[in-house]
Each structure stands twice: as C-alpha cells, then as structure tokens.
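Below is one structure; the comments refer to it alone.
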Amino acid sequence: AEQCCAAIASATSMSKLQLLFDAGGDQLLKLIDIVAKTAPGLNDEEKQALANECVEFYREAKAVELTTVIVKHSSPLFDMEPDETEACFLSLFSVIEKAAPEEQPGLQQMLFEALRSREGDNILILRLLGHIMNLLPLEAYDSRLQGLYVALERSTGNAQLLAMLEPTVQEFVESAPTPEGKVELLRRVAAAAHATETMERLEKETLLQLLLCYKDSFEAVQGETVQLLMLSIADPVWTQRNQPALLDLPAVRALKESSEQKWLVELLETLLRKTLDDFEAFQAANADKIKGANLDVENLMKAARLLAICALANEKDVLTYGDVAKVLKVEEDEVELWIVNAISAGLLEARLDQLERTVTIQSVSFRHFGREQWLILQERLGSWKANLTSVMERLRTAKAAS
3 AEQCCAAIAS ATSMSKLQLL FDAGGDQLLK LIDIVAKTAP GLNDEEKQAL
53 ANECVEFYRE AKAVELTTVI VKHSSPLFDM EPDETEACFL SLFSVIEKAA
103 PEEQPGLQQM LFEALRSREG DNILILRLLG HIMNLLPLEA YDSRLQGLYV
153 ALERSTGNAQ LLAMLEPTVQ EFVESAPTPE GKVELLRRVA AAAHATETME
203 RLEKETLLQL LLCYKDSFEA VQGETVQLLM LSIADPVWTQ RNQPALLDLP
253 AVRALKESSE QKWLVELLET LLRKTLDDFE AFQAANADKI KGANLDVENL
303 MKAARLLAIC ALANEKDVLT YGDVAKVLKV EEDEVELWIV NAISAGLLEA
353 RLDQLERTVT IQSVSFRHFG REQWLILQER LGSWKANLTS VMERLRTAKA
403 AS
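When we follow the numbering used here, the leftmost residue of the sequence shown carries the number 3, and every step to the right adds one.
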C-alpha cells in the first residue's frame, strides 16, 4: 500500500498532468489510490501493478485507458461514505471530460453501465446519475438520455423515486430531437410506470402522449392503445375528468374500426357518453368479454351511475331527488350519497337542499362537448344575456325616475 502511495505521489510533479487535469488532480490521485488499494481479488503485488498502470495512464493523459481501469475496479467505491463516493465518481467524470470529443460518449456510456449494473444503493445511484446528467451540456442529449434510461430502470418499482423523475422525463420528452426518440422514451416511461404500484396515473398520461405521436400506422401502437383503454375503463371517472377526449384520438378510432378489441372502445364510449340503460345493455351482451378482461362489473356500474349524474346535471341547473333517483335506478333516500360521491370525485359542484329535496348545480364536467353541448351552452348564454339586459333596463329606468 505504501508503494502505491509513493507511486501516486511521484506523479504529481508531471507537468502534463497539471495541464490536463488542472485543480482536479489531487482528488483524482486520491481516487487512483483508493482503487489500487481496494481492488477486489488482487494480492499486494497485483495492486502495486494496478497503481503503476493507473499512474502511467495519468502521466500520459490517457483518459480512455484510465477511465476503463477505474470503472472496472469501481465496486469498492460504493463501500465508502456517500459523499466520498460522489466525489470519486465526479473525479472520474472529470477524466472523461478531458478525453477527445469523439471518445466521450463511449466513456459516458461505460460509466452509466457501471451504475446500471450495481446492485442496491438506488438512492446513491440516482444521486450520481443526477450529478452526471447535470454536468453534461444540454447538446449532449443522447448521453444525458442514456443516464435517464438508467435512472428509470433504477426507479422502477418505487413510486416515490419514479414520481421524482417526472419533471426530468417531461423535459426530455419536450426536447427530443426526433419523433422516434420521443416514442422510445415514452414507451420506457410507460413500462416503468406499469411495473410500479400506484403509478397508473403516470402510465395513462404517458400512453396518451405516445398515442398523440401517431397520425397513421396505428398498428404500431395497437398494444399501447388497448393498454390505455383498459386503464381508462378501470377508472372511467378519472378518464372523464382528465382525458375526456381520449375516444377522439385517431389511434382509438382506428382500433374501433379494425380490431377484435373494438369492444373496449365501445365500452368506454358507453360509460363516458351514453346512458345507464345503454351500459346495462352492453354489459349483458358482452358479459363474457368483460369477465375475461378481469373488469370489475360492480365498479363499472358505480362509475356509470356517477357519470349519469354528470349527464343529468348538464341538462338542468336544478335537479329533484326524484329526477336523480329515476336516472340512477335507486331509491330517493340514496340520492344524497350519490351526489356527495359525485362531488368527491370532482365531477360536479352542487348544493343539496334537504327540505326541498333538490340539488342545485354550480358547475359540472361535460361528458362530451359535442353539438348538443354547444346548443345547451348557447341557450344558457342567451338566458344570461337576457337577464343582464333586463337588469340594465331596470337600472336605467330607476336612474331616469330619480
């Protein structure tokens, strides 16, 4: 070990090193020292030979060779304190920065691969990846993307870690230089979300972005289209609130026209845009398919009722308990609970009058904003305009009388 230190200490006088590594030399020599002393499976003589080799690479400014050796023997670096491990890897990255421009991507990939293959230490690995990706220039998109892919892989299965990556993922999606690159990234994010419990929201949002990338050749995303439909059907209330135009996507329309899975499109369409009677009829006619897809009929019926309230509230500003009970096919004493559930789901805002047994609608989510909804909006705006005109006329009359 003393000989290793002596060999490394003698290297500090080499002017080529000072020109190449500048102020980072001391930290890099410390890294070489650590690697030489802790390299697993080597006897003292072999460790000395490793130290001499690293010092020679350092002396001759051979960044590729030095990086390769250090990465090969980097495992013990993870046994140090996290701050020391970070310092060592940042020193190693400084070596990569001194390599020729055409050599840097390969060395960066080597470093990312070492972090990817390391078992455990997920938090530390993600911190290291974050540091390296931040040090890389924005124009080094491909190298930074490789770092993100490793981060996605290391975060899969951990909802908290994956959620922390979302802003970075979106940044990369928005700046993707090619459509193909954007699609590949979205596919990887969707796969990571799919493999992570409680990340259905991210999976649905990512799949939607993926489908929006396609204007034709929809067979390329047929699997993802089916996957998004299944997720959307499992929680149609969320879909109504967050992705109401899903059924209008070209990829979804194409699936309805040409695939054996078109019944999924029809089911979601029934839930989001048709009546409770329509849903019951569809469920009866397609019971085997629904069961085969492991869809919960009870949850679907609950969602169909909540969305039926939405449809009714689109038609009237004030609903009677009898109106709601008739549409939902429930007793009137159940109406308040259903209205409260609809409010809790974010589908509407309303005020209950238990004495008058009415529901006054303050705002509601449109189930489908088509021609009929435009006519309703036109009627309401016309009524508002007439009321405002009447108020203004009364004010003018009162002013003239005074």
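Note that beta-carbon positions come from the ideal geometry of N, C-alpha and C, so glycine has one too.
Please read these numbers as outputs of a predicted model, since none were measured by experiment.
### Message
Can you tell me where the alpha helix (DSSP H) holding R129 begins and where it ends?
### Response
N124 to L137 is the span of the alpha helix (DSSP H), which, as asked, contains R129.
### Message
Please report the distance separating the alpha-carbon of E99 from that of Q106.
### Response
So the alpha carbons of these two residues sit roughly 7 Å apart.
#### Entry: Unbroken stretches of the alpha helix (DSSP H), 4 residues or longer, contained in the segment 91-124
DSSP runs (the alpha helix (DSSP H)) wholly in the segment 91-124: 106-119.
### Message
Once DSSP output is grouped into helix, strand and coil, what is the label at V329?
### Response
V329 falls in the helix class under three-state DSSP.
### Query
To the nearest angstrom, how far is it from the Cα of M112 to the Cα of V223?
If I take the Cα positions, the gap works out to 32 Å.
### Query
For P103, does the count of other Cβ atoms within 10 angstroms reach 16, so buried, or fall short, so exposed?
Exposed, by the Cβ-count rule.
### Reduced DSSP category for Q364 - H, G, I as helix; E, B as strand; rest coil
Looking at Q364 - three-state DSSP - the assignment turns out to be strand.
### Query
Would L311 pass as a contact of I341 if the rule is Cβ separation under 8 Å?
The question names Leu, but residue 311 in the sequence shown is Ile. Result yes, Cβ atoms of I311 and I341 sit closer than 8 Å.
### Message
Let's test the definition: count the other Cβ atoms within 10 Å of the Cβ of T208 and tell me whether it reaches 16, buried, or not, exposed.
### Response
T208 is classed as buried because its beta carbon has at least 16 other beta carbons within 10 Å across all chains shown.
### Task
Could you name the residues of the same chain whose beta carbon sits closer than 8 Å to that of N160, not counting the 5 residues immediately before and after it, in chain order?
Correct list, in chain order: N124 and T198.
### Query
Exposed or buried, which one is L390 when buried takes at least 16 other CB atoms within 10 Å?
Residue burial is scored here from C-beta neighbours: L390 has fewer than 16 other C-beta atoms within 10 angstroms and is therefore classed as exposed.
#### Entry: S260 burial status per 10 Å Cβ neighbour count (16 or more: buried)
That one is exposed.
### Task
Can you tell me which of V171, L213, G225 and T158 puts its alpha carbon nearest to the alpha carbon of H196?
For H196, the closest of V171, L213, G225 and T158 by C-alpha to C-alpha distance is T158.
### Query
For S234 versus T241, is the C-beta spacing smaller than 8 Å?
The answer is yes: Cβ separation under 8 Å.
### Query
How far does the alpha helix (DSSP H) with T208 in it reach, from first residue to last?
From DSSP, the alpha helix (DSSP H) with T208 extends over E202 to L214.
#### Entry: Separation of I345 from G324, as counted between CA atoms
If you draw a straight line from the Cα of G324 to the Cα of I345, it comes to about 19 Å.
### Query
Who does L321 pair with in a DSSP beta bridge?
When beta bridges are read from the DSSP output, L321 appears opposite V361.
### Message
Beta-carbon within less than 8 Å of V2's beta-carbon, same chain only, minus the 5 sequence neighbours each way: which residues are those?
### Response
Any answer about residue 2 is impossible in this case: the structure gives the chain only from 3 up to 404.
### Task
Could you tell me the boundaries of the alpha helix (DSSP H) in which A352 lies?
Taken as a continuous stretch (DSSP letters only), A352 belongs to no alpha helix (DSSP H), being part of the beta strand (DSSP E) at L350 to D355.
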